[in-house]
Every structure is written in C-alpha cells, then in structure tokens.
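Protein chains in written order, with the working numbering: chain Z, 2 to 383; chain H, 159 to 365.
From the three backbone atoms N, C-alpha and C, an ideal C-beta is built for every residue, glycine too.
Since this is a predicted model, take the numbers as computed values, not measurements.
Report on the structure given below.
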C-alpha cells in the first residue's frame, strides 16, 4: 500500500497542484465578449503578460464591477486614469514605453486525504513588465521573482522582439511560451502540464505567424526550454509547435495544435496533438472544451490523454463563476488516471484588482487517493 | 342655375382638383406596383467588423422596419425601403457602442444619420411563384451617414408558413460613406465591413 501511496503522491504532485496553483494571465473567458484573439489586449501573441493600452482600458471600462466611467461621461484619458501604470502616477512621462507591475500575494491550503494538511502564504508573482512599440516592431521584456521552494530568484522568463506586418504576417524571436491549444489562466490545467507548457516553460526560439480576421496560424521552433539551456542541466530538447485557430463566428472558435519535442537526457522524444472548441452562446457564458494526446516512448504506456472542459459564467458584472472538470489518463496504465474538478470565482471589483478563489479536487482513480486544494489569490496589475 | 346644379358643378371641380393634386404620387407608385406589398415583421442586422490586429466583432440590432413593393414593369425590382435604427446597434461592449454611435456614425447629427436605409432593391433573378427557396444576387442603394452608395450582394428567399424569410449579405466600405476610420488605443476596424440582413416579411393582405 505504501508503494501505491507513494506513486499516488508522485502522480498528484506531478499534476502541479501543490507546487504553485493557478495563475491569472490570459483570459479565454472573454470569448463571450467577442474577443477571440490575445493580441487585442496583450502584447504577446500567445497571451498573458503585459496589457496593451486597449487591454488596460477594457479592464477598467468593461471588466471591472465598479471601475467604469459614469454613464454619459467621456472615459478618462487611458494614459492617466486608474487603468494606467501605477494609477497614472507618472502621466505621460514614459512616452511610448508601456510598463506594468504584476503582484500576486496568495494563500494555499492543501489537504492530502488521509495524510495531512499544509498551508502556505507566498508571493506567487512579483514582476515588472515592459514593452516598447515603434511602427511594426515590439520590444518586450519581463523581470521578476521566480518561485523556487519557499524562496525565489530574480529571473526574466519572457523577453522577445516581434514584428507584425499590416498584411497579417508576424515574426517573433526570443524567449516566450510557444503557442499551443488554449492558454488557460490556470497554468496547472492538465492540458498545459501534459505538454510541458507551464509558467516557467518558455523556450528560446522563433515564431512565425499569419493572422486574418477569421484565422491565425502560429508556428514555432527552438532549441529547447530556456531554463534548461541556460542551466545546461541536460533537460533541453528541440521543440517545434504549431497552432491554427479558426473563428467560426465572433463567439465560436476551433483550435488545432501540434507539438514535437526531441530527445533530451531526461526524456524520450514526444509528439502531441489536440483540438479545442470555444463556444460562447451569450455575452455572459463561455465554454472551452479540449482534447490532447501525447505520444512518447514509455515503459508503461506510449499514449497519454487529457480531456478538459471549462465553463465560465458572469453572474454579475466583474463576477465570474468557473467550473472545470478535467481528466488525465494513459492507454495501458490505470495508475495514470487522475480526475480533477475545479470550482472557481473570479471577482474584479476595480480596475486591475482581481480576486481569484479556486478549489481543486484531484483524485487518483486507481487508489481513490485524493487531494483538495484551496487557493486564494489577489492579483494586482498596476 | 338651380341650387342642385351648383352642387354638382362644385363636386366635379373638387374631384378635378384632387385628381391634379395627387397626379405625381399616383404616377410614382400605383401604376407599377403589384397589389401585394412585403411588410417587415421581424428581423435583424448583423455587421461584422474585422479588427486590424485580427479577429472581429459583430454589431447587431433587431430595430429593422420597412415595406417593399414588387413592380410590374420589372419583376425583380422593388420600390419602398428597409430601414435600420443605428443607435440600437449593440457590439456587446458599452464603450464601443458609445464610440460607434457618437464618433463614427454620428447619429446625433439627425436626418440621414439616425438610420441606415436600403432601397432601389433589384433581384438579378426575380422571385418565382412556384418555389419555396430562391437564391440570387441583388443590387440596391444604401443610404448611411448622409451618403448614398450602390451595394451588391447575395440573398436567399424562402417561403414559410410565417411569410417570406429573406437573408441578404453584402459588404461595404465605411470610408465610402465618409465615416472616419475607427481607431481606439491602437486597435482599429478595417475599412470593409460585412453586413447580414435577415427579416421575415408578410404580404399586406395577410392576416
């Protein structure tokens, strides 16, 4: 029994729950507001990170409960209002440079059924982000604290230079998270952990993209995971990824993805594919449903799958309720089957104030062993 | 002259004057119009706006009304018009609605700006009497933002138990109508927008 329990512990921990839960960045839930692309509100073509001026304005005028300008008045100058950097303290002193501060004090309560409970208060993120745009060029960088155990180190896990032509062709070179599937705000979502695309899995590489009003194609290639390359730890492997999105309507999108990762000293090469469908029947309801399969030479099973669904409902302006059943399993090994249910609340009372409460219930199907995790997080985007 | 004769003369004069007064109207409509007019009962308009950064959003309204009269001289042509109230267009984002109405469509400028109107409709192939579904191209004039331009598109007409269901699609250039290029904080709408008009019409002798 102890072997099984150790295996169960390992499986559940590898699901990424205890390490660091949740991370509110990109928001695919805004499909219901007819936002099918990340680049409307974020500088990064794969979402997350620094908000564009449009994204900052949207956060104030449309997403927050009490932030919007009073009816009948002209919205404040986006460069000086509460949506601006440090609430507009610097005015226009920064010129074309855009800055943002990302802070996420968090509380985590983790219960391993039959074993015990642990609690932890920590600062999940403390980042300074910056971007400079000139014509079609974007220079982007982030510097901040990377969580390591109970402490952290100073790191820059995203920095790149991008070029976006008016005909839809785009190029990006640097360190970034490659495009694959749907980038849910929760970086421990099974589809992200299966592909090895969590919060610190950026690669060094080059990305080519082509965007139209109904489609976007993103192709990426690089020598491997950035941290592994820098640390020369032997875990790096060449990575190629492709993502193709078709917007069937302004509230319906289908995403096809593929990923190839070469051999490394630690893992056999793998390739994966997936499809995700986003459908928002109303302005307050967004659903995403996805399936991913990874193929990798392995002693126990060569194929691992993830099925994930997320429904988000805006119960009141700025108050979102979220439910996400997920399952992870392998063809020939019942030990690998983990079922997860996530219940969450996202409350955005004022511009860039985001209270995220999430409850995770993971259960290893083979043993019935489970974990319960509660995360309370205040995401401040200044 | 007896009093009764004066009444007859005055009545004849009044009838003549009435006939002369209404002559322009009479020559404009009834001579070419079939007895059955099509009256818009329910419907809507969807304007798909493509963004400069990729993706798109819809502006929608169901504030559509109007009446079309098939002509006898040209089986595919209709007189009358279909009209849409522009200040009811909803993009799903309040700030975007405000910008659309006030800065770009300028509905506060009054006549010619409050509505978009489609008229001079002509189907390339007239609606047959013996079919339930009919697909054809069409041309029409659209008056928008105080400007009139011809548009061309495709339409599908279906007879149902509720009446004639019509779906028409066409594209137009907003700069052709003198509308300023929509731009907000680096995000813009491309010049060509796609418009879908759907409505159910009944004939004026229907219950």
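Handout entry: Closest residue to residue 327 of chain Z among Z/340, Z/316, Z/318 and Z/319 (Cα-Cα distance)
Key = Z/340
Practice task
Leaving out five residues on either side along the sequence, give the residues of the same chain with a beta carbon under 8 Å from the beta carbon of residue 39 of chain Z.
Solution key: Closer than 8 Å at Cβ, skipping near neighbours: 27, 45, 46, 47, 48, 49 and 184.
Exercise for the section: Compare the C-alpha of residue 261 of chain Z against each of Z/254, Z/255 and Z/269 and name the closest. Expected result: Looking at the Cα atoms, Z/269 is the closest of the given residues.
Handout entry: chain H residues whose Cβ lies nearer than 7 Å to that of residue 38 of chain Z
Key = 211, 212 and 213
Exercise for the section: Using a Cβ-Cβ cut-off of less than 9 Å, give me the residues of the segment 224-252 of chain Z that come near chain H, in sequence order. Expected result: 248, 250, 251 and 252
Practice task
Output the distance between the C-alpha atoms of residue 285 of chain Z and residue 66 of chain Z, rounded to the nearest integer angstrom.
Solution key: Each residue's Cα considered, the two are about 14 Å apart.
Exercise for the section: Out of Z/172, Z/311, Z/136 and Z/128, state which residue places its alpha-carbon closest to the alpha-carbon of residue 156 of chain Z. Expected result: Z/128
Exercise for the section: Could you tell me whether the Cβ atoms of residue 267 of chain Z and residue 181 of chain Z are closer together than 8 Å? Expected result: no
Practice task
Note down the Cα distance separating residue 346 of chain H from residue 227 of chain Z, rounded to an integer number of angstroms.
Solution key: 35 Å
Handout entry: Ordered list of alpha helix (DSSP H) runs contained in the segment 68-113 of chain Z, each at least 4 residues
Key = none
Handout entry: Cβ-heavy atom distance, residue 370 of chain Z to the ligand FMN, below 7 Å
Key = This structure lacks the ligand FMN; in fact it carries no ligand of any kind.
Handout entry: Endpoints, the alpha helix (DSSP H) within which residue 227 of chain Z is located
Key = 227-232
Practice task
Kindly say whether residue 332 of chain H, judged by its beta-carbon, lies nearer than 8 Å to any beta-carbon of chain Z.
Solution key: no
Exercise for the section: Pair every Cβ in the segment 94-108 of chain Z with every Cβ in the segment 368-381 of chain Z, then say whether three or more of these pairs are closer than 8 Å. Expected result: yes
Exercise for the section: Would you list the residues sitting across from residue 248 of chain Z in a DSSP beta bridge? Expected result: For residue 248 of chain Z, which the question treats as bridged, DSSP gives the partners Z/254.
Problem - residue 194 of chain H beta carbon less than 8 Å from that of residue 358 of chain H - result: no
Problem - Within 8 Å, strictly: CB atoms of residue 55 of chain Z and residue 343 of chain H - result: Contact flag set, yes.
Handout entry: Inter-stretch contact (C-beta, 8 Å, three-pair minimum) for the segment 251-259 of chain Z and the segment 272-286 of chain Z
Key = yes
Exercise for the section: With 8 Å as the C-beta to C-beta threshold (strictly closer), list the residues of the segment 234-261 of chain H near chain Z in chain order. Expected result: Of all residues in the segment 234-261 of chain H, the ones placed with a Cβ closer than 8 Å to any Cβ belonging to chain Z are 249, 250, 251, 252 and 253, in chain order.
Handout entry: Beta-carbon proximity check, residue 326 of chain H vs residue 313 of chain H, cutoff 8 Å
Key = yes
Practice task
Work out the CA separation of residue 289 of chain H and residue 166 of chain Z for me, nearest whole Å.
Solution key: 49 Å
Handout entry: Short-range partners of chain Z found in the segment 321-349 of chain H, where Cβ spacing is below 9 Å
Key = 342, 343, 344, 345 and 348
Handout entry: Residue burial classification, residue 194 of chain Z (beta-carbon count within 10 angstroms, cutoff 16)
Key = buried
Problem - Under 7 Å from the C-beta of residue 54 of chain Z: neighbouring residues of chain H - result: 343 and 344
Practice task
Identify which residue in Z/313, Z/91 and Z/318 has its Cα closest to the Cα of residue 280 of chain Z.
Solution key: Across the set Z/313, Z/91 and Z/318, the C-alpha of Z/313 shows the shortest separation from the C-alpha of residue 280 of chain Z.
Exercise for the section: Could you spell out where the alpha helix (DSSP H) holding residue 252 of chain H opens and where it closes? Expected result: 252-256
Problem - Distance CB(residue 115 of chain Z)-CB(residue 131 of chain Z) smaller than 8 Å - result: no
Exercise for the section: Report, in whole angstroms, the separation of the C-beta atoms of residue 251 of chain Z and residue 215 of chain H, which I expect to be a contact under 8 Å. Expected result: With 8 Å as the limit, residue 251 of chain Z and residue 215 of chain H qualify as a contact, their Cβ atoms being about 5 Å apart.
Practice task
Could I get the ranges of all uninterrupted beta strand (DSSP E) runs contained in the segment 114-178 of chain Z, with 3 residues as the minimum, in chain order?
Solution key: 117-135, 138-149, 152-156, 160-165 and 170-177
Handout entry: Distance, residue 81 of chain Z Cα to residue 428 of chain Z Cα
Key = Since the first and last residues shown for chain Z are 2 and 383, residue 428 of chain Z lies out of range.
Practice task
Drop a sphere of 10 angstroms on the beta-carbon of residue 355 of chain Z, count the other beta-carbons inside from all chains shown, and report buried for 16 or more, exposed for fewer.
Solution key: buried
Problem - Test item: CB-CB of residue 330 of chain Z and residue 30 of chain Z under 8 Å - result: no
Practice task
Could you check how far apart the C-beta atoms of residue 203 of chain H and residue 224 of chain H are, in whole angstroms? I think they sit under 8 Å.
Solution key: Actually they do not touch by this definition, with Cβ atoms about 12 Å apart.
Practice task
Could you please give me the residues that DSSP links to residue 207 of chain H through a beta bridge?
Solution key: Paired residue(s): H/215 and H/351.
Exercise for the section: Starting from residue 58 of chain Z, find everything on chain H with Cβ-Cβ shorter than 8 Å and list it in chain order. Expected result: 253, 342 and 343
Practice task
Starting from the C-beta of residue 53 of chain Z, find all residues in its chain whose C-beta is less than 7 Å away, skip the five residues before and the five after it, and write them out in chain order.
Solution key: 42, 43 and 44
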